[in-house]
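Asker:
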Amino acid sequence: ARFVKPLDRELLRAQVEALGAGARLVTVEEHVVAGGFGSAVLEALAEMELHQVATLAIGVPDKFVPHGSQEVLRKTLGLDAESLYFRLRSFFAQRASIPVEDPSTPARSRSLA
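71 is the number of the first residue of the sequence shown in the working numbering; add one for each residue after it.
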């Protein structure tokens, strides 16, 4: 999505409640996630106390990005079709009750948390 203002919170609530426990929601945008569409959806879910849905906001990280063609930047930022496929496949393969772990964190650190 490019933008959604105002965000239809009642539609969001209805969709999440219709999906029930274990629901999973993904937002994808070619924009910085912080302050963008994904952030707005996450804020709305939190304010409505809809914690039963596992969420993943995919977009541009909040950092400087190099210049390049759309194709190169999408690949670099993980927004190309192949990168999205693997991220979504991993996200939907997990059970909602299992937290998403950062693969860059050593296993020992994760087990102590």
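Ideal Cβ placement from N, Cα and C applies to all residues, glycine included.
This structure is a prediction, so every number in the text was calculated from the model and none was measured.
(1) I need the boundaries of the beta strand (DSSP E) containing Val-98, first residue and last residue.
(2) Between Val-123, Arg-94, Val-103, Gly-108, which has its C-alpha nearest Arg-159's C-alpha?
(3) Using CA coordinates, which residue listed in His-101, Val-111, Gly-92 is at the minimum distance from Glu-80?
(4) Identify which residue in Val-123, Ala-114, Gly-106 has its Cα closest to the Cα of Ala-88.
(5) Under three-state DSSP, which class holds Ala-124?
(6) State the DSSP-derived secondary structure class of Gly-129, mapped to helix, strand or coil.
(7) Please confirm if the stretch 126–144 is in contact with the stretch 100–109, defined as three or more CB-CB distances below 8 Å between the two stretches.
(8) Hey, how far is the Cα of Glu-117 from the Cα of Leu-82?
Answerer: Reading from the atomic positions:
(1) 94–102
(2) Arg-94
(3) Here the closest residue by C-alpha is Val-111.
(4) Val-123
(5) Here Ala-124 sits in strand by DSSP.
(6) strand
(7) Counting C-beta pairs with one atom in each stretch, the stretch 126–144 and the stretch 100–109 have three or more that are closer than 8 Å, which means they touch.
(8) 12 Å
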